[in-house]
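*Asks:* Before we start, here is the structure in question, set down as structure tokens.
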Amino acid sequence: KQEVTQIPAALSVPEGENLVLNCSFTDSAIYNLQWFRQDPGKGLTSLLLIQSSQREQTSGRLNASLDKSSGRSTLYIAASQPGDSATYLCAAEGGSSNTGKLIFGQGTTLQVKP
Amino acid sequence: AAGVIQSPRHLIKEKRETATLKCYPIPRHDTVYWYQQGPGQDPQFLISFYEKMQSDKGSIPDRFSAQQFSDYHSELNMSSLELGDSALYFCASSLGRGNSPLHFGNGTRLTVT
């Protein structure tokens, strides 16, 4: 059974810092890994999706990497801004069935202080 | 760009009542997923539909049922509501199954009193 873990649970940094959020998963047989952003009481916004055959994806100041063999993914945020404050969730898709079902981690709540 | 539309945004029900949540996927998306997110919890997969057929089933209680209609919108029906059903219910849609980004709606916040 796939389990997804995110460390740390919470992170507070001053504006301008580069930071890394970590995600680990127990079953390396995934189809892809997706990173989401969630603002309090809001929906999930997809940030990056890394296919199982890929090693990383980039979008603006965000870079996500995937290492299936070690069961890890990281989300790198460059030059953080107060507007980046949110909860970041990673979710793994796959395993034995290709149904698009995502298994989520519990998220890292990021606070970027001005 | 059109997004996933969920209605209602908020719903307050009493114990043992019934609730119906609606989801309208992004145009041309043929797959719909339902997730439940309890307070302070990560989203948990409930059920999914592909081309109007149930595709996969997660931790959905027997009191809940769902379907996808011919226009691809989906409804989640919840009966005999319990206090523990209070949560944010998300619908997501994608084009096809697997390896396609899921696009989430803003959710329906259900409060059971």
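Heads up: the protein sequence lines correspond to chains A and B, in order.
Residues are numbered in our numbering as their position in the first sequence, beginning at 1, plus a constant of 9.
Residues are numbered in our numbering as their position in the second sequence, beginning at 1, plus a constant of 372.
Ideal Cβ placement from N, Cα and C applies to all residues, glycine included.
It should be emphasised that the depicted structure is a prediction, and the values quoted were computed from it without experimental measurement.
Got a sec, what are the start and stop residues for the beta strand (DSSP E) G103/A sits in?
*Replies:* Within the first sequence, numbered from 1, the residue matching residue 103/A stands at position 94. Run containing G103/A: 95-103, per the beta strand (DSSP E) assignment.
*Asks:* Report the option in T480/B, S379/B, D402/B whose CA atom is closest to the CA atom of Q109/A.
*Replies:* The residue labelled residue 109/A in the question sits at position 100 within the first sequence. The question names Gln, but residue 109/A in the sequence shown is Gly. Closest by alpha carbon: D402/B.
*Asks:* For S437/B, which residues of its own chain have a beta-carbon under 6 Å away from its beta-carbon, when the five flanking residues on both sides are left out?
*Replies:* By one-based count along the second sequence, residue 437/B stands at place 65. The residues are N449.
*Asks:* Counting only beta-carbon atoms, is G116/A nearer than 8 Å to chain B?
*Replies:* Counted from its first residue, the first sequence places residue 116/A at position 107. Taking Cβ atoms only, chain B reaches closer than 8 Å to G116/A, which makes this a yes.
*Asks:* Under DSSP, the beta strand (DSSP E) around H382/B begins and ends at which residues?
*Replies:* Against the second sequence, residue 382/B aligns to sequence position 10. Residues 382-385.
*Asks:* Does the ligand ADP have even one heavy atom less than 7 Å from the beta-carbon of L84/A?
*Replies:* Among the ligands in the structure shown, none appear at all, so the ligand ADP cannot be discussed.
*Asks:* Could you tell me whether any Cβ in chain B is nearer than 8 Å to the Cβ of G69/A?
*Replies:* Indexing the first sequence from 1 puts residue 69/A at position 60. With 8 Å as the cut-off, G69/A does not count as an interface residue toward chain B.
*Asks:* Let's see if you can read the secondary structure: which residues bound the beta strand (DSSP E) around L448/B?
*Replies:* As a working note, residue 448/B is residue 76 in the second sequence. Run containing L448/B: 446-450, per the beta strand (DSSP E) assignment.
*Asks:* Just by C-beta distance, which residues in the region 446-474 of chain B are closer than 9 Å to chain A?
*Replies:* Of all residues in the region 446-474 of chain B, L460, F462, A464, S466, G468, R469, G470, N471, S472, P473, L474 have a Cβ within less than 9 Å of some Cβ in chain A.
*Asks:* Check each residue of the region 413-439 of chain B: if its Cβ is closer than 7 Å to any Cβ of chain A, include it; give the result in chain order.
*Replies:* Listed by position along the chain: D414, P415, F417, S420, S427, D428, G430.
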